[in-house]
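Presented below is the structure to which this report refers.
In our numbering, the protein residues as written are 87 to 165.
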């Protein structure tokens with residue numbers, strides 16, 4: 087049964103974990119998709135901290151990761 091987040095007006099499953107890491111470089115996003123790298127380690131660390139605190143169970147599965155790709159800072163010859 088979904089829990090309604092009254093503040094934001096959205097429904098959310100009770101066992102759903104939403105992690106937001108903001109803008110990230112393309113390489114970090116690719117590493118995350120391959121199951122490695124800094125973002126992946128942050129996710130694993132966050133889930134294990136939540137498990138130790140008793141916020142989620144040992145068999146937690148649903149994870150939603152929201153990542154926005156950071157715009158490249160390289161400029162062209164005429165910029």
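A virtual CB, placed ideally from N, CA and C, is assigned to each residue, including glycine.
Own chain, CB closer than 6 Å to residue 62, minus 5 neighbours either side, in chain order: Past the boundaries of the shown model lies residue 62; the chain is included only from 87 to 165, so the question cannot be answered.
Of the listed residues 111, 135 and 136, nearest to residue 159 (C-alpha basis): 111
Range of the contiguous alpha helix (DSSP H) that encloses residue 124: 124-139
Cβ-Cβ separation, residue 151 to residue 105 (assumed contact under 8 Å), whole Å: 5 Å
First through last residue of the beta strand (DSSP E) which encompasses residue 104: 103-110
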